[in-house]
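Protein chains in written order, with my numbering: chain C, 2 to 426; chain S, 148 to 246. See below for the structure under consideration.
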Ligand SMILES: Cc1cc2nc3c(=O)[nH]c(=O)nc-3n(C[C@H](O)[C@H](O)[C@H](O)COP(=O)(O)OP(=O)(O)OC[C@H]3O[C@@H](n4cnc5c(N)ncnc54)[C@H](O)[C@@H]3O)c2cc1C
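The following block contains the structure:
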């Protein structure tokens, strides 16, 4: 907030003021952002920092935001809920008009958002970052009631789902089996289930060392697989059994009363505790607004994030189909800035800026044992495709590298702190 | 704003009431990614390594060395290999101007 302006910036500002601007640009542009999570909070923070003349409104029903990242650290008690919970006071102090309500509908033709409380908001450009919805029933028997017995912990809301999983682990007898159901791609946070498995293993090793983990996966491979499995063997021996889709790993049915996860070919796995990470789609507001296609996700222009189905609505974060980009908080963060810059440019009749999207996902495999993946992407000029920059990014090196793992666990903490401060600080 | 950081909130409010709002030239978008690991404005803090306020040529040289695999690190080589010479020059310029 106290950044001293570089000389160049002052000259730049003077130059802008001296240049005649078209009338339309003189009325403050109205940017409305729906969803105050990784995409939305990053978008409004960036918009206020970069375009002080733009009116920024954020619509978010929750007064407190619990992050998914670092939620897995609640399981072993490395983090407490308050340490991953944020208010919107910092964004208000930056000049964002924060409205705690749910967007109930979007009328793209007249550029208006209707809120559940009855209020309407007119916008010049809309940014939509509402996250995901669980596809209830995609796994037979997995509905809201089942999630109270077999938690997903994949949409944090007030954190209660993850805390339920922790309480179940605490209540479990030593020697029990903890079952995981893991979905096919695409889903929120590709390495997330495997970090969750790691944190459960760490808890079990400390407190219930005779217990086992059965990870039933719809896929044949997963993010940072070699690194995760090296770490699992080194830290947890044979505690974790991972079953891929081609070995009957896909869970198709659950029985919460019996504690059973049933796979494609009819194998019934009885478990003491079950973490069911179900198939997902874009959040309901995106689907109800007619922005999603039959995959359940929203196709967008990869340079501007404008939805293919509606002009003036830029969809970011997990709700969109971003080509090869993962559904991660860091991608939601960096793409939100391109979306805002494009939205403002298009509103002013200018060309959207050159784009580069950045991702890092750190994962904790154990105490002082961190691993990471880096990806850098660029879209093509007309926003029809996106590709990873050749020779860039990649995963942490494999091998017996304790100092690398220790440092990455520390740097993961620095990442979490930096990115959340950049969103909410 | 983290929930258990009330003193910081009060400080932010105090600062925001006096800080003037001036239009700054937008930072290069390539520089935005660095904020995810190097703290607000690249100033570090809470375990993050500061990169702001250093000599422009020094920042650029470090990034080029990371990119050429000539400087050891856990992750910066993988990061730097995603950026062009022009982007490296622009981010070095940007962070060198933050004091
Ligand atoms: C266990 C786990 C660990 C993870 N770890 C990492 C990690 O280490 N690094 C990383 O980069 N990513 C991580 N992720 C992924 C990351 O959390 C998501 O990619 C990110 O949250 C996506 O941002 P988003 O803005 O799309 O959605 P969200 O962050 O979920 O925000 C969506 C917001 O929109 C609001 N909303 C929904 N509907 C409406 C409506 N109708 N009106 C108004 N508001 C609405 C919601 O209340 C919510 O606050 C993890 C995810 C999980 C589950």
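Glycine residues also receive a C-beta, built at the ideal position from the N, C-alpha and C atoms.
Counted within 10 angstroms of its Cβ, other Cβ atoms place residue i as buried (16 or more) or exposed
i                      : result
residue 219 of chain S : exposed
residue 159 of chain C : exposed
residue 120 of chain C : exposed
residue 312 of chain C : exposed
residue 397 of chain C : buried
residue 364 of chain C : buried
residue 289 of chain C : exposed
residue 241 of chain S : buried
residue 132 of chain C : buried
residue 404 of chain C : exposed
residue 123 of chain C : exposed
residue 149 of chain C : exposed
residue 321 of chain C : buried
residue 279 of chain C : buried
Delimiting residues of the alpha helix (DSSP H) encompassing residue i
i                      : result
residue 288 of chain C : 285-289
residue 207 of chain C : 193-208
residue 420 of chain C : 403-425
residue 235 of chain S : 232-243
residue 47 of chain C  : 39-51
residue 182 of chain C : Element bounds for residue 182 of chain C: not the alpha helix (DSSP H) but the beta strand (DSSP E), 178-183.
Where residue i sits in the DSSP three-state scheme
i                      : result
residue 213 of chain S : helix
residue 185 of chain S : helix
residue 114 of chain C : strand
residue 258 of chain C : coil
residue 146 of chain C : helix
residue 315 of chain C : strand
residue 292 of chain C : coil
residue 24 of chain C  : Residue placement at residue 24 of chain C is flagged as unreliable, the pLDDT there being 44, under the threshold of 50; the coordinate-derived value follows with that caveat. Helix at residue 24 of chain C.
residue 156 of chain C : coil
residue 352 of chain C : coil
residue 1 of chain C   : Residue 1 of chain C is absent from the structure shown; chain C starts at 2 and stops at 426.
residue 93 of chain C  : helix
residue 381 of chain C : coil
residue 229 of chain C : helix
residue 81 of chain C  : coil
residue 357 of chain C : coil
residue 171 of chain C : helix
residue 301 of chain C : strand
residue 395 of chain C : strand
For residue i: DSSP bridge partner residues
i                      : result
residue 373 of chain C : C:363
residue 123 of chain C : C:113
residue 189 of chain C : C:328
residue 201 of chain S : Partner(s): none; residue 201 of chain S has no beta bridge.
residue 88 of chain C  : C:65
residue 281 of chain C : C:135
residue 107 of chain C : C:114
residue 58 of chain C  : C:33 and C:98
residue 128 of chain C : C:34 and C:315
Boundaries of the beta strand (DSSP E) in which residue i is found, first to last residue
i                      : result
residue 271 of chain C : 269-271
residue 216 of chain C : 213-218
residue 276 of chain C : 274-277
Distance cut-off 7 angstroms: residue i Cβ against heavy atoms of ligand 1
i                      : result
residue 130 of chain C : yes
residue 362 of chain C : yes
residue 325 of chain C : no
residue 66 of chain C  : yes
residue 45 of chain C  : no
residue 79 of chain C  : no
residue 62 of chain C  : yes
residue 31 of chain C  : no
residue 419 of chain C : no
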